[in-house]
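Undergrad:
There are 2 protein chains.
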Amino acid sequence: MENSSISHRLGRPQVGADGLPQAASAREALQGISWLRRVSSKTLDALASQAVLHRVPAGSLLFNQAEIPAFAQFLLAGSVELWGVRGEAETLVELLQPVDLIVPAAVIGNQPYLMRARIYEEAHLLLVGAEAFRDALACDHALCRAVLGCLAAQFRRQVRMQKNLKLRSVEERVGCYLVSLLGQADRDIAVRLPIEKHLIASQLGMSRETFSRALSAMGKFGILVRGDVIEVADASVARARFTLDPLIDGAEPIDLIQGKAIR
Amino acid sequence: MENSSISHRLGRPQVGADGLPQAASAREALQGISWLRRVSSKTLDALASQAVLHRVPAGSLLFNQAEIPAFAQFLLAGSVELWGVRGEAETLVELLQPVDLIVPAAVIGNQPYLMRARIYEEAHLLLVGAEAFRDALACDHALCRAVLGCLAAQFRRQVRMQKNLKLRSVEERVGCYLVSLLGQADRDIAVRLPIEKHLIASQLGMSRETFSRALSAMGKFGILVRGDVIEVADASVARARFTLDPLIDGAEPIDLIQGKAIR
DNA sequence: CGTCTTCATTGATCCATATCAATGAGCACT
DNA sequence: AGTGCTCATTGATATGGATCAATGAAGACG
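Quick mapping for you: the protein sequence lines, in order, are chains U and D.
Using the numbering used here, the letters of the first sequence correspond one by one to residues 20 to 282.
Using the numbering used here, the letters of the second sequence correspond one by one to residues 20 to 282.
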């Protein structure tokens, strides 16, 4: 894609290259997951002994809808598309970012997956046999709490998305999406779209064509999209038109279980 | 509303009347929650000592969006509307049925509610101070597992709804909704809509008018809606047109944590 | 360099769905 | 009976967004 001389705030995560601390072993990988920090070494050992560390290339199918989970999968690096499928049609339900669990809700209850999972950016996964993972949940309280926090964040992201879909028009969804990408800065911002446009369109619940048209229409609010770079001379107009709602657009902290220290 | 002579499969849950075993005390109420059955008496005692049993009339506001949870609320009987609100507009995200926890995701992480909760049918609630509940989660492993199962079911319902919204047209959503109400029977079925039409419309993500029109259009498939009763002479046509997808329309078992016996 | 492929844009068109407005039905209250 | 209320229906109309089809731009590859 073309690239102008803009150098402010750019930086799409490069597919394949990851700057994360490389985990040499499953044990080290588990150790490095911040929201597992309160889990005992013993349990981490037990999990690690059952675990496989996997590097999975972009495009790989992790699992399909209706499959019964074979593994609990920790996403350590890279990213994972979660697709809802119905016949020919499919929709991007979420794009999972590390570090997270890949649909623990299905694994916990040994229920069929409701979504198809595909690797977006080459991923580092840690796989634990589903049964072993459930056993660990049954044995280790701290692990259970950690997963509870993780799942709570996932639930809240779903609620946010349902509100976004049902309470906003296409233009608003696109506008808010872009504004949320901008961050704090107010003048002469340039940000790269983090993923391909057709993925954004699907996630926002519209066709690519509609998304494309909505992007051009953003010019009215001072947002110019050239290729995968969005340029904003003055963000105030856009911010005024597309007021972010912290109860829709906000981020969800994964690590909900804090120690007593937080109070 | 008018009522024909149809007597098959009728029975909207009567607002206010509940046939459930009346819990005289918080302790008994907790005891009666099947998915807490593995939680120790000690913890149930501890919770009960902090808990208040409440009977709340229809229409009451339980909490608003953006509020920080003051209580963990168990829905023992009745039902609760969860509304996503944005300015003037609001949408019914879910209608909670007993026995369930009311948005534990917010309570667990001490995060602002993303939804407004209102009593639909007069409800029996068990309230536990949020902090006390989090402490109990921190102390009791079995409770933690039970909540994990509860939350997993809630997450999966959200995913189902997002798929329903993004992958189906209005006609399909309405058709599948009605077909899922029919149950097994094939001939001469009459079922009452469980809730008012404007609530169904909001939950399915459409305007009341559109819902109303979609209902009349169901005649084409052998589904007649008269007042709040849907009558079906032969369900085969409707079932053929509106094939239920178990990964969208299925029910979610709340109690995911089974004992070893299940295997 | 040309070709193929993938992804995005753009235009023309159609249809689904929202919106606005009026009417109607059932129900509570006086 | 009459009034007002809520909820649902129905019609007319507008428009948002999907769909179909064609074009374009940017890599990948031989």
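Glycine is no exception: its CB is placed at the ideal position from the N, C-alpha and C atoms.
Are the beta-carbon atoms of residue 58 of chain D and residue 165 of chain D separated by less than 8 Å?
TA: In the second sequence, counting from the first residue as 1, residue 58 of chain D sits at position 39. In the second sequence, counting from the first residue as 1, residue 165 of chain D sits at position 146. Yes, the pair counts as a contact, with Cβ atoms nearer than the cut-off.
Undergrad: In the DSSP assignment, what residue or residues form a beta bridge with residue 109 of chain U?
TA: Your numbering for residue 109 of chain U matches position 90 in the first sequence. U/104.
Undergrad: Here's a check: name, in chain order, each residue in its chain whose Cβ is nearer than 7 Å to the Cβ of residue 263 of chain D, leaving out the five neighbours to either side.
TA: Within the second sequence, numbered from 1, the residue matching residue 263 of chain D stands at position 244. Contacts found: 195, 198 and 199.
Undergrad: According to DSSP, which residues form a beta bridge with residue 208 of chain U?
TA: In the first sequence, counting from the first residue as 1, residue 208 of chain U sits at position 189. DSSP output for residue 208 of chain U lists U/251 as bridge partner(s).
Undergrad: Mapping the DSSP letters down to three states, classify residue 119 of chain D as helix, strand or coil.
TA: By 1-based counting over the second sequence, the position of residue 119 of chain D is 100. Three-state DSSP puts residue 119 of chain D in a strand.
Undergrad: Going straight from the alpha carbon of residue 109 of chain D to that of residue 226 of chain D, what length do you get?
TA: Taking the second sequence and counting its residues from 1, one reaches residue 109 of chain D at position 90. Taking the second sequence and counting its residues from 1, one reaches residue 226 of chain D at position 207. Near 11 Å, if we compare the C-alpha coordinates of residue 226 of chain D and residue 109 of chain D.
Undergrad: Please classify residue 222 of chain U: is it buried, with 16 or more other beta-carbons within 10 angstroms of its beta-carbon, or exposed?
TA: Position 203 of the first sequence, counted from the first residue, corresponds to residue 222 of chain U. So residue 222 of chain U ends up on the buried side.
Undergrad: Please report the straight-line C-alpha distance between residue 33 of chain D and residue 211 of chain D, rounded to a whole angstrom.
TA: For the purposes of this step, residue 33 of chain D is identified with residue 14 of the second sequence, where counting begins at 1. For the purposes of this step, residue 211 of chain D is identified with residue 192 of the second sequence, where counting begins at 1. In this predicted model, residue 33 of chain D has a pLDDT of only 34, less than 50, meaning its place in the structure is not dependable; the value taken from the coordinates is given anyway. If I take the Cα positions, the gap works out to 12 Å.
Undergrad: In terms of residue numbering, what span does the alpha helix (DSSP H) encompassing residue 191 of chain U cover?
TA: The residue labelled residue 191 of chain U in the question sits at position 172 within the first sequence. 189-201 is the span of the alpha helix (DSSP H), which, as asked, contains residue 191 of chain U.
Undergrad: Within its chain, find whatever has a CB closer than 6 Å to the CB of residue 141 of chain U; leave out the 5 residues flanking it on each side and keep chain order.
TA: Along the first sequence, one-based indexing puts residue 141 of chain U at 122. Contacts found: 35, 76, 77 and 97.
Undergrad: Pairing CB atoms from the stretch 82-101 of chain U with CB atoms from the stretch 131-148 of chain U, are three or more of them under 8 Å?
TA: With the cut-off at 8 Å, the stretch 82-101 of chain U and the stretch 131-148 of chain U touch.
Undergrad: Using a cut-off of 7 Å between C-beta atoms, extract the partners of residue 69 of chain D located in chain U.
TA: Translated into positions along the second sequence, residue 69 of chain D becomes position 50. Chain U residues near residue 69 of chain D: none, gap ~17 Å exceeds 7 Å.
Undergrad: From residue 250 of chain U to residue 171 of chain D, what does the alpha carbon distance come to, in whole angstroms?
TA: Indexing the first sequence from 1 puts residue 250 of chain U at position 231. Indexing the second sequence from 1 puts residue 171 of chain D at position 152. The straight-line gap from Cα to Cα measures roughly 40 Å.
Undergrad: Have a look at residue 128 of chain U and residue 67 of chain D and give me their C-alpha separation to the nearest angstrom.
TA: As a position in the first sequence, residue 128 of chain U is number 109, starting the count at 1. As a position in the second sequence, residue 67 of chain D is number 48, starting the count at 1. Roughly 27 Å separates the two Cα atoms.
Undergrad: So which residues on chain D does residue 50 of chain U lean against when the C-beta distance must stay under 9 Å?
TA: If you number the first sequence from 1, residue 50 of chain U lands on position 31. Here the premise fails: no neighbours, minimum Cβ distance about 22 Å.
Undergrad: Beta-carbon within less than 7 Å of residue 233 of chain D's beta-carbon, same chain only, minus the 5 sequence neighbours each way: which residues are those?
TA: Within the second sequence, the letter at position 214 stands for residue 233 of chain D. Counting only Cβ-Cβ distances below 7 Å, and skipping sequence neighbours, we find 189, 190 and 193.
Undergrad: Under 8 Å between beta-carbons, which chain U residues line up against residue 213 of chain D? List them in chain order, please.
TA: For this step, residue 213 of chain D is matched to residue 194 along the second sequence. Per Cβ cutoff of 8 Å: no residues; residue 213 of chain D is ~20 Å from chain U at best.
Undergrad: What does residue 127 of chain U touch in chain D if you count any residue whose Cβ is under 7 Å from its own?
TA: Here residue 127 of chain U is taken as the residue at index 108 of the first sequence, counted from 1. Within chain D, the residues near residue 127 of chain U are 167, 168, 171 and 275.
Undergrad: At 4 residues or longer, what runs of the alpha helix (DSSP H) sit wholly inside the stretch 116-178 of chain D?
TA: Fully enclosed alpha helix (DSSP H) runs of 4 or longer: 123-128 and 149-158.
Undergrad: May I ask you to report which of helix, strand or coil DSSP gives residue 84 of chain D?
TA: Mapped onto the second sequence, residue 84 of chain D falls at position 65. Residue state, collapsed to three classes: coil.
Undergrad: Does the beta carbon of residue 61 of chain U sit closer than 8 Å to a beta carbon anywhere in chain D?
TA: The residue labelled residue 61 of chain U in the question sits at position 42 within the first sequence. No - not a single Cβ of chain D is within 8 Å of the one on residue 61 of chain U.
Undergrad: Using a Cβ-Cβ cut-off of 7 Å (strictly less than) and excluding sequence neighbours within five positions of residue 104 of chain D, which residues of its own chain qualify?
TA: As a working note, residue 104 of chain D is residue 85 in the second sequence. If we look at residue 104 of chain D and ignore the five residues flanking it on each side, its Cβ neighbours are 84 and 135.
Undergrad: I need the DSSP call for residue 57 of chain D, collapsed to helix, strand or coil.
TA: Here residue 57 of chain D refers to the residue found at position 38 when the second sequence is read from its first residue. Coil at residue 57 of chain D, not helix or strand.
Undergrad: For a cutoff of 8 Å on Cβ pairs, would you count residue 259 of chain U as touching chain D?
TA: Against the first sequence, residue 259 of chain U aligns to sequence position 240. With 8 Å as the cut-off, residue 259 of chain U does not count as an interface residue toward chain D.
Undergrad: Chain U beta carbons: is any one of them nearer than 8 Å to that of residue 92 of chain D?
TA: In the second sequence, counting from the first residue as 1, residue 92 of chain D sits at position 73. No, residue 92 of chain D lies away from the interface with chain U (no Cβ there is under 8 Å from its Cβ).
Undergrad: Helix, strand or coil for residue 242 of chain D, going by three-state DSSP, please let me know.
TA: Within the second sequence, residue 242 of chain D is the residue found at index 223, counting from 1. In the structure shown, residue 242 of chain D sits in a strand (DSSP, three-state: E or B).
Undergrad: Looking at the unbroken beta strand (DSSP E) that takes in residue 72 of chain D, where does it start and where does it end?
TA: Against the second sequence, residue 72 of chain D aligns to sequence position 53. Start and end: 70-75.
Undergrad: So, helix, strand or coil for residue 114 of chain D, using DSSP?
TA: Taking the second sequence and counting its residues from 1, one reaches residue 114 of chain D at position 95. Residue 114 of chain D: strand per DSSP, three-state reduction.
Undergrad: With DSSP as the reference, please indicate the residues paired to residue 91 of chain U in a beta bridge.
TA: Within the first sequence, the letter at position 72 stands for residue 91 of chain U. Answer is U/147.
Undergrad: So, residue 119 of chain U versus residue 94 of chain U, is the Cβ gap smaller than 8 Å?
TA: Taking the first residue of the first sequence as 1, we reach residue 119 of chain U at position 100. Taking the first residue of the first sequence as 1, we reach residue 94 of chain U at position 75. Yes, they are a contact pair.
Undergrad: Does residue 39 of chain U pass the burial test, meaning 16 or more other C-beta atoms within 10 Å, or should it be called exposed?
TA: Mapped onto the first sequence, residue 39 of chain U falls at position 20. With a pLDDT of only 48 at residue 39 of chain U, under 50, the local geometry of the prediction cannot be trusted, and the value read off the model is given with reservation. Flag for residue 39 of chain U reads exposed.
Undergrad: Listing by chain order, which chain D residues have their CB less than 8 Å from the CB of residue 174 of chain U?
TA: Counting from 1 along the first sequence, the entry for residue 174 of chain U is found at position 155. Residues of chain D passing the Cβ test: 124, 170, 173, 174 and 177.
Undergrad: With residue 65 of chain D and residue 155 of chain D assumed to form a contact (beta carbons below 8 Å), what rounded beta-carbon distance in angstroms separates them?
TA: Here residue 65 of chain D corresponds to residue number 46 of the second sequence, with the count starting at 1. Here residue 155 of chain D corresponds to residue number 136 of the second sequence, with the count starting at 1. About 6 Å; that satisfies the 8 Å criterion.
Undergrad: Would you mind working out which of D/168, D/90 and D/254 sits nearest residue 283 of chain D, comparing C-alpha positions?
TA: Since the first and last residues shown for chain D are 20 and 282, residue 283 of chain D lies out of range.
Undergrad: For residue 264 of chain D, return the contacting residues in chain U, with the cut-off set at a CB-CB distance below 8 Å.
TA: Stepping through the second sequence from its first residue, residue 264 of chain D is reached at position 245. Those are 105, listed as they occur along chain U.
Undergrad: Helix, strand or coil for residue 270 of chain U per DSSP?
TA: Your numbering for residue 270 of chain U matches position 251 in the first sequence. Three-state result, residue 270 of chain U: coil.
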